[in-house]
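Numbering (the numbering used here), first residue to last: 5 to 416. Even for Gly, the Cβ is constructed at its ideal location relative to N, Cα and C. Read the structure below first, then the notes.
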Amino acid sequence: MQFNELHLNKPILKAVSEKNYDTPTLVQERSIPVILAKRDVIVSAQTGTGKTAAFALPILQMLYDRQNASVKKGRKIKSLIISPTRELAIQIEENFKTYSKYTNLRTTVVYGGASIEPQKDILRKGVDILIATPGRLLDLHKQDEINLDYIETFVLDEADLMLDMGFIDDVNKIEHLCPEKKQVLLFSATMPHKVVELSKTMLNNPERIEISPTSSVAKDVSQVLYYVPKPKKIELCLHLLRNSIKGSILIFRRTKYGVDKLEQTLLSNNYKVVTLHGDKSQSLRQEALKQFKNNEVNILIATDVAARGIDINDLDAVINFDLPNVPETYVHRIGRTGRAGKIGTAYSFCSADEKLYVAAIQKLINTQITIEEDHPYPLDPKAKPEVHKKQGSKYRKGRKSEASKKKKKRWY
Ligand code: AMP
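See below:
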């Protein structure tokens, strides 16, 4: 299929061809006609499949058709896209701006962690398409800076992550602020039960589109597993960086504390490193991404949540410094390498207490990952999982007090 078979207008096709997209990706081919037919859709597709354009192009097309009439009546927000993370929101905005380059449609993005006044100024001038993170959107709505009465299309991107991050109430609130009659598009990398339940409350007779099940790993990724005692992971990482892993590298850690710790070690060993996690200010995160994408720095360390949805693909290597406890996350992580015909490598470090995760991952991908035994920090095969001091203590067994629940900080 070609882009011109998707019934998109010339200005949009021109912008697409300038991006050098030859043909629509599968998710675009399947979603665009359904969205243009004004149906609700629920799409399971991972980052990297071209899913942003799968909703951006038909939204622009639908708005472009009535553009002149709507400008005369004053610009109203007609499409709302909700994203769980700021980086993803910014990236979606960039996509909309690129594809609408030859139209007069206006797009803006609002997100927390950045000054609110400039966002208000842009909104007051009028926009057609708004991309937002949930908290800032509700803030601006409370301050009467946003009117959602004219929303025609409502997009929930990365719905699974949205729910994982605890945005369910905000998302419900936002949906209720929009008119009842609207088109709803739900995109999610995975389809856990809670996303399906959410879709039942928000979508009307949706078309289900499923792209590449998360259990399939790209052919061009070679996977290697290192059994290593937990305290030796940093040394193993340094050893591999010195001797074998080269190019652009994304290292995943489970917690932001872990990200910071590894960053310090690598910096003190003269590596160029940037990091992404939830505690970094917005401007620092943007700067880090820019440096990594421009190849000024070749190592990025991130938590899953911070890296989700972000267009950093085409990597030479992914290092799973900590193994994910959700097997699908492993597939997402390593899918960022081995693209565009290049061979990428996924290195996974497994300590004694992560062996169960390996079993779950291998079951999901239906493959035995090659074990590399030839390294200086092997794990004693009889090693027992390390017991964390606090685990099992009587203090951990009781229910958490309300105060401690409130104090709970984000760890991603
Ligand atoms: P996404 O899944 O939306 O994050 O997109 C992943 C990457 O694919 C982005 O860099 C897009 O610019 C790119 N992309 C989207 N659609 C196409 C297409 N039809 N052909 C080639 N690249 C595309």
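To which residues of the same chain is residue i closer than 6 angstroms at the C-beta, ignoring the five residues directly before and after it?
i    : result
Q227 : A350, I373
E267 : V277, T279, I305
K123 : With the sequence shown as reference, residue 123 is identified as Gln, and Lys is not the correct amino acid for it. Around Q123: V114.
L160 : I86, L190
I338 : V225, V322, A350
I249 : A321
Where does residue i land, buried or exposed, given buried means 16+ other C-beta within 10 angstroms?
i    : result
D148 : exposed
D164 : buried
Y261 : exposed
H11  : exposed
A292 : buried
L319 : buried
N299 : exposed
D132 : buried
N273 : exposed
V54  : Going by the sequence as given, residue 54 is Gly instead of Val. Counting Cβ neighbours within 10 Å, G54 comes out buried, since at least 16 surround it.
E97  : buried
Residues in its own chain within less than 7 angstroms of residue i by CB, not counting five upstream and five downstream?
i    : result
E214 : S48
E377 : none
V263 : R257, T279, H281, I305, A306, T307
L240 : Y230, V232, F353, H379, Y381
M195 : S48
H392 : Because H392 sits at a pLDDT of 49, beneath the cut-off of 50, its placement in the model cannot be relied upon, and the following sentence gives the value as read from the coordinates. Excluding residues within five positions, none has a Cβ falling inside 7 angstroms.
K294 : none
V301 : K276, V277, V278, Q295
Starting from residue i and walking both ways along the alpha helix (DSSP H), at which residues does that stretch end?
i    : result
L61  : 55–69
G348 : Looking at the DSSP string, G348 is not in any alpha helix (DSSP H); the run it does join, the beta strand (DSSP E), is 348–354.
A306 : No alpha helix (DSSP H) contains A306, which is instead part of the beta strand (DSSP E) from 303–306.
S285 : Taken as a continuous stretch (DSSP letters only), S285 belongs to no alpha helix (DSSP H), as it is neither H nor E.
Y334 : 331–338
I178 : 172–181
L244 : 237–247
I36  : 30–40
Can you list, in chain order, the residues of its chain with a C-beta nearer than 8 angstroms to that of residue i? Leave out the 5 residues immediately preceding and following it.
i    : result
P210 : R43, D44, V45, I46, V188, L190, S203
N208 : D44, V188
L327 : Y334, S352, F353, C354, E358, Y361, V362, I365
May I ask you to check if the CB of residue i is nearer than 8 angstroms to at least one heavy atom of the ligand SAM?
i   : result
T56 : You won't find the ligand SAM in this model; what it holds is the ligand AMP.
I'd like to check one pair, residue j with residue i: are the Cβ atoms closer than 9 angstroms?
i    : j    : result
L288 : V277 : no
L64  : L109 : yes
Y33  : S87  : Looking at the sequence provided, one finds Glu at residue 33 rather than Tyr. No, they are not a contact pair.
L134 : T111 : yes
I253 : V322 : yes
I81  : A93  : no
I39  : M5   : no
D224 : G348 : yes
A19  : S35  : no
P37  : F7   : no
S104 : I16  : yes
Let me see if you follow: with CB-CB separation under 9 angstroms, is residue i close to chain E or not?
i   : result
K55 : No chain E appears in this structure, which consists of one protein chain only.
Counting along the chain, where does the beta strand (DSSP E) carrying residue i start and finish?
i    : result
E214 : 211–214
A321 : 321–324
L134 : 133–136
L188 : It should be noted that the sequence gives Val, not Leu, for residue 188. Element bounds for V188: 187–192.
Q227 : 225–231
Any chance the CB of residue i is under 8 angstroms from a heavy atom of the ligand AMP?
i    : result
P62  : no
T27  : yes
K455 : Outside the shown range of the chain (5 to 416) lies residue 455, about which nothing can therefore be said.
D315 : yes
N8   : no
G348 : no
G52  : yes
Q32  : yes
A310 : no
A19  : no
N298 : no
Q65  : no
Q268 : no
Q286 : no
N99  : yes
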